[in-house]
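Trainee: So the protein lines, in turn, are chains A and B. Going by the numbering used here, the first sequence opens with residue 847, and the numbers climb by one from there. Going by the numbering used here, the second sequence opens with residue 11, and the numbers climb by one from there. Each residue gets a CB set at the ideal place from its N, CA and C atoms; glycine is no exception.
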Amino acid sequence: MKNRRALSTLVGAVFFIIAASSTVAYVSFSMNVIDDFSQAVVIKESIDESRNSESFIISGATITNNKFDFTVQNNGQLPLKLTKLWVENTTDTTWIPSKFALDQNIPSSGSVTGIGQNLNLAALSTQGYDVSLVTERGNTQTFSFNSVPDQDISINLHAAPENIANGFSTTLFMTVTNNLPNETTLLNIVPQLSSSGVAIPTCDSLSTPPSQPSLKNGESAIFTWTCTVSGSALDEVTFTASIVNGFPGNTASVTICVKDVLLALESGTSLESLGFSIPAVSTDILIIHQESAQTPNSEYQLSSGNADTTGFTVDFDTSLDSIEFITKNKTSTLTIPAGNWNSVLNYLSASLDTGVDAGILTSGMIFHFEESNSVHDNAVTGANCLGIDATLGTATFTPTYSATGGVYSSGGYTFSGGQYISVNLDSNCNDFSNDPNTTAGWFYVDDGGSDGDQTIIRSESTNGNEFYEVSFAKSGSTGSLEFTFDSNTQSKPVSCIISGVSTDTWHHFVAVREDANNCTLYLNGGASTDTGSDQSNPYNNHLVTNDIWMIGVDPDTDGSLTDYFEGKIDSIMHWDSDALTSGEVTALYNTKYGVGAHVVDFKIERTDSTGVQTPALITQSNYELKFLDPLQDITNYIHAYNITSSLPQTVLTNERLLFTIDFVSGLPFGLRIDDETLSNPTTSYVQLPIPDSSFPGYFQYDISDGNYIVKVSNTGTTGAFLTVGGVRGIFDDATSDVAYASVVQYINGTTSSFEMLASQDSVYMYPGSYINIEFYPPTTHPSSTSLGTAITSGDQYIFSLYLSGYDERGRTFFKTIDIGGAEVVD
Amino acid sequence: MFAHRRGLASVVTSAILLSSVAILGVGLVGWSNSNLLSHQQNLENTFTQNVNKLNEHVTFEKVWFGGTSPSKFVNVTVTNTGNVGLNVTSIQFVNSTTLNEISLSAITDGGLINSQSYSTEINYEWINDAEFDILLKSYRDSQFRTQVSP
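1) Suppose you measure from the CA of residue 1217 of chain A to the CA of residue 1249 of chain A; what does that come to, to the nearest Å?
2) Could you list the residues in the segment 67–80 of chain B with a C-beta less than 9 Å from some C-beta on chain A, going in chain order?
3) In the structure shown, what three-state DSSP assignment does residue 1235 of chain A receive?
4) Along chain A, in chain order, which residues have C-beta atoms closer than 9 Å to that of residue 50 of chain B?
5) Determine, for residue 57 of chain B, whether the minimum Cβ-Cβ distance to residues of chain E falls below 9 Å.
6) Along chain A, which residues have their Cβ under 8 Å away from the Cβ of residue 53 of chain B?
7) Within a Cβ cutoff of 8 Å, which residues of the same chain sit near residue 116 of chain B, ignoring the five residues on either side of it in sequence?
8) Identify every residue that forms a DSSP beta bridge with residue 941 of chain A.
9) In whole angstroms, give me the CA-to-CA distance for residue 925 of chain A and residue 955 of chain A.
10) Output needed in chain order: residues of the segment 23–51 of chain B with a Cβ under 8 Å from some Cβ in chain A.
11) In chain A, which residues lie less than 7 Å from residue 91 of chain B when you measure between Cβ atoms?
12) Taking only the alpha-carbon atoms, compute the straight-line gap between residue 1347 of chain A and residue 1303 of chain A and give it to the nearest angstrom.
13) Taking beta-carbon pairs under 9 Å, can you tell me which members of the segment 926–955 of chain A lie near chain B?
14) List, in order along the chain, the chain A residues whose C-beta lies closer than 9 Å to that of residue 65 of chain B?
15) Taking Cβ positions, are residue 990 of chain A and residue 936 of chain A nearer each other than 9 Å?
16) Under a Cβ-count criterion, where at least 16 other Cβ atoms within 10 Å of its own Cβ denotes burial, should residue 1147 of chain A be classed as buried or exposed?
17) Can you tell me the Cα-Cα spacing of residue 1114 of chain A and residue 1657 of chain A, whole angstroms?
18) What does the alpha-carbon distance come out to for the pair residue 856 of chain A and residue 31 of chain B?
19) Tell me the residue span of the alpha helix (DSSP H) that contains residue 1434 of chain A.
20) Alpha carbon to alpha carbon, how far is residue 1458 of chain A from residue 1168 of chain A? Give it in angstroms, no decimals.
21) Quick one: what does DSSP say residue 924 of chain A is sitting in, helix, strand or coil?
22) For residue 1263 of chain A, which residues in the same chain have their Cβ closer than 8 Å to its Cβ, ignoring the five residues on either side in sequence?
23) Taking residue 1610 of chain A as the reference, which of A:1620, A:1594, A:1623, A:1622 has the closest Cα?
24) Throw me the rounded Cβ distance for the residue 150 of chain B and residue 63 of chain B pair, which I believe falls under 8 Å.
25) Could you tell me which chain A residues have their CB closer than 9 Å to the CB of residue 61 of chain B, listed as they occur along the chain?
26) DSSP puts residue 983 of chain A in a beta bridge; with which residues?
27) Using a Cβ-Cβ distance cut-off of 9 Å, determine whether residue 961 of chain A contacts chain B.
28) At which residues does the beta strand (DSSP E) containing residue 1396 of chain A begin and terminate?
29) Buried or exposed: which applies to residue 1004 of chain A, given that a residue is buried once 16 or more other Cβ atoms fall within 10 Å of its Cβ?
30) Take residue 1601 of chain A as the anchor and find which of A:1616, A:1569, A:870, A:1050 has the nearest alpha-carbon.
31) Assuming residue 1432 of chain A contacts residue 1371 of chain A under a Cβ cut-off of 8 Å, what Cβ separation, rounded to an integer in Å, is found between them?
32) Compute the distance between the beta-carbons of residue 1380 of chain A and residue 1392 of chain A, then report whether it is under 9 Å.
33) Rounding to the nearest angstrom, what Cα-Cα distance links residue 1651 of chain A and residue 1012 of chain A in this structure?
34) For a test of the three-state rule: what should DSSP assign to residue 49 of chain B, helix, strand or coil?
35) Which runs of the beta strand (DSSP E) fall wholly inside the segment 957–1022 of chain A and span at least 3 residues, in chain order?
36) Quick check for students: name the residue ranges of the beta strand (DSSP E) that lie wholly in the segment 867–926 of chain A, counting only runs of 3 or more.
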């Protein structure tokens, strides 16, 4: 038994060792696993920390060579690698977002430019983009380039000052703040400015600065423009600022008002805020003046001086009527570069050709639809017709306006079947209570429209049985023009019908209701004619309809609208109590109420100093001027039309420019010249390519005369006094830095009673009155004792008058009148 | 006569005892080792799964909205920015406020190696300014969420 004890122990020990080893191995393995897992966690945390500490921004963004050019700044502590660029076009929604691979390392605190230049992607400055950059660690940042995300940002617009005198400047300040709720950075913010109103602004073409490369959340940028505003007193212009590709409606506005210093309550403010005045007329603008003094053959003066306040109308009625306007000659050479010469004519057309019955102007209606208005005034000037309007149908019933869609490229309306224009009816103006009547107009039937009856114009009674109508019965590419009227009493209509009228072309109709029984219908001036008669209904002259005309639809007053017109209708005219003759119909048809209303011959010539002409620079024969509707006021000159001539470079040496307009044919018209009260458009003028020096004016000062006299009118409605310190005549030598000026001696007289002194002001200038201002000779040191250097002869001067004083209410004023080029002779 | 039988009984007893112990011991050790090995395997698998799951990371690289009713869609591009490959199994749209599921799209081709991207278009009648969450799930049950707004 001694041997058994030792063997058992050995066996037990072996098993113990084996078991212990297994256990130890397992425990060791477990510990290693735990350790590995801990390390994995630590590594993961490190990676996450690196990812979270990554930081970059786009510090600059622009478009170079039609490609994106981003500058990316690494703001983090670790280097990063850009791996992808996503671009989404937010302006063009058909664009599918595109992904581009990048491989750009950026060290910590470093930056890289030119990202996007090597991509096959064109960028447009007019489009907005959302740009996303992706790093290797998976971080992404999105930026808005050239646009603003789908919500407003803060935009403010201010002006300093908001009230200015005519021709003075104001500064606009636009403040843009990125107040988006998220952390979006806006790139390449480009401001834009628009204006509307009666006053005319001239602003910097680009803001200062022209753009903001990057605007982070919370940051602001300020953009400025300097604008010069011209206009009459109380004219306003509203400026609206926004961001290119900004959120629709995200704008800011400010309104600038022109204050006439002569009448302004803020005259004091104007004195403080104004420096040197800016000439109201630039060197490339020559005004047509009504004066003819110093012109060789009594032509009208053409010079850069301000127009007068009285104005003048040149009538063109017959082929004998003509106008010539001529510049002053200049001894030194004046060069006009090649380009367009625009003669901007402010005129009004006569309502009727002289060969047409003028009764319509007293009682009737005329609608030429030259402007896009929801309500058109009747152009008839008779007092009974002032309340007659043509009103467009609303919503889906509104016809479509086009500035050139009417007859002869005039303004007009297109009816697409379902639209109409209504005209109210007045018993003293445009009803049918008595005969005769005449209705005329132009129509164009759309060949693609529906076949059947289409109403051009109609008026009817409540039950529809009593009516007066001009309509077109379409059948394919032709149809019949029909004129029908009927009184209710006998239900026996009188009709005139012309068949075979083609579609897709303009036609003129004149429908004459001679009396109860007879009608005549003219097509295209009488090219086709039909008469109709029905003796069986003696009551047709007592036609009584509802208080409305309808253009483009049968009103069907006891039902729904029917017989819609599909095409165009223009120049509707109605004589309330006249029947046009065939000759008048022809004359009316030949009147072009659009381009070609007036035909003129236009010529530009150069002449010597005495007005002897050389071969014409340009001759334009039978030039067609457009019809400019006077509406109800033949003195309301609110339209202009250009005669544009393209000329090569023109050099003048002691020569003049002579412009001639000869009336050839068409409607009479009245050309308005020398009228400073007109602002939009202004008085008639000529605009040339900017010459190398200013054109000479017609003001002349003879040194040998010593003193000189200038006549000035008070154009305001307020009387005023002038003070001795506020009246000066200035001669600016345009070829050097020298200027000469004169102090005033007398106003409106030559005795001591009229002398201007510190203790004696001028006589009272009544509104609308003229005064004569006598100046001492001009020198470089204006005085009454001829200090300084006297002016020398020459034609290079620009003469201006400076006037200041106080008005009848005690308010100060000052004003500068630019006379323009002046010649000093000896 | 009985003095010589004493030596043989001891040997047999010892042999039997030894054999029994050996057999039992071997069996026990074998079972023990087997058990340990099994636990070791489980531990290794668990570790691998958890570490891989830990190392999964997905970035929502680009989400954009397109189409017009009734064919609107959401285009989702994701990138595997982790250290291991993963398998995208579903993309879910969830109401940001109520956390209710809006739509569920099962993904069958979402296997991504490191740095690989995956794009898919999911039909959804999105509404302007109506935000919602996108929830992406992987085969290892990792979830990644982001909020978007058309």
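Mentor: The relevant details are as follows:
1) The C-alpha of residue 1217 of chain A lies about 7 Å from the C-alpha of residue 1249 of chain A.
2) So the close ones are 67, 68, 69, 70, 71, 72, 74, 76.
3) In this structure, DSSP gives residue 1235 of chain A an extended state, which the three-state scheme calls strand.
4) The contacting residues are 871, 872, 875, 876, 879.
5) Absence of chain E from the displayed structure is noted, the protein chains being A and B.
6) Those are 875, 876, 879, listed as they occur along chain A.
7) Only 99, 100 meet the Cβ criterion.
8) DSSP output for residue 941 of chain A lists no bridge partner at all.
9) A direct Cα-Cα distance of roughly 8 Å separates residue 925 of chain A from residue 955 of chain A.
10) For the segment 23–51 of chain B, the set of positions with a beta-carbon nearer than 8 Å to some beta-carbon of chain A reads 23, 24, 27, 28, 31, 32, 35, 38, 39, 42, 43, 46, 49, 50 in chain order.
11) For residue 91 of chain B, the chain A residues whose C-beta falls within less than 7 Å of its own C-beta are 983, 984, listed in chain order.
12) Note on geometry: alpha-carbon atoms of residue 1347 of chain A and residue 1303 of chain A lie some 17 Å from one another.
13) Under the 9 Å Cβ criterion, the segment 926–955 of chain A contributes 929, 930, 932, 934, 939, 942, 943, 945.
14) The contact set of residue 65 of chain B on chain A, defined by CB atoms closer than 9 Å, consists of 886, 889, 890, 893 in chain order.
15) A Cβ-Cβ contact shorter than 9 Å links residue 990 of chain A with residue 936 of chain A.
16) By the neighbour-count rule (16 or more Cβ atoms within 10 Å), residue 1147 of chain A is buried.
17) With a pLDDT of only 26 at residue 1114 of chain A, under 50, the local geometry of the prediction cannot be trusted, and no value is derived from it.
18) Residue 856 of chain A and residue 31 of chain B: Cα-Cα distance of roughly 11 Å.
19) Counted as a single uninterrupted DSSP element, the alpha helix (DSSP H) harbouring residue 1434 of chain A occupies residues 1428–1435.
20) One C-alpha to the other measures close to 18 Å.
21) The answer is coil: DSSP assigns residue 924 of chain A none of H, G, I, E or B.
22) These residues qualify, in order along the chain: 1295, 1296, 1410, 1411, 1412.
23) If we check each option's Cα against that of residue 1610 of chain A, A:1594 comes out closest.
24) Right, the Cβ-Cβ distance comes to about 4 Å (below 8 Å), so this counts as a contact.
25) 882, 883, 886, 887, 890, listed in chain order.
26) Beta-bridge partners assigned by DSSP to residue 983 of chain A: none are found.
27) So, not an interface residue.
28) Looking at the DSSP string, the run of the beta strand (DSSP E) that includes residue 1396 of chain A is 1394–1397.
29) Per the 10 Å Cβ criterion, exposed.
30) Per the Cα distances, A:1569.
31) Residue 1432 of chain A to residue 1371 of chain A, Cβ: 5 Å. Contact.
32) In this structure, residue 1392 of chain A does not lie closer than 9 Å to residue 1380 of chain A by Cβ.
33) Taking the straight line joining both Cα atoms gives about 18 Å.
34) In this structure, residue 49 of chain B counts as helix in the three-state DSSP scheme.
35) The qualifying runs are 957–961, 975–981, 986–991, 1000–1006.
36) Every beta strand (DSSP E) of 3 residues or more that sits fully in the segment 867–926 of chain A is shown, in chain order, as 902–910, 913–920.
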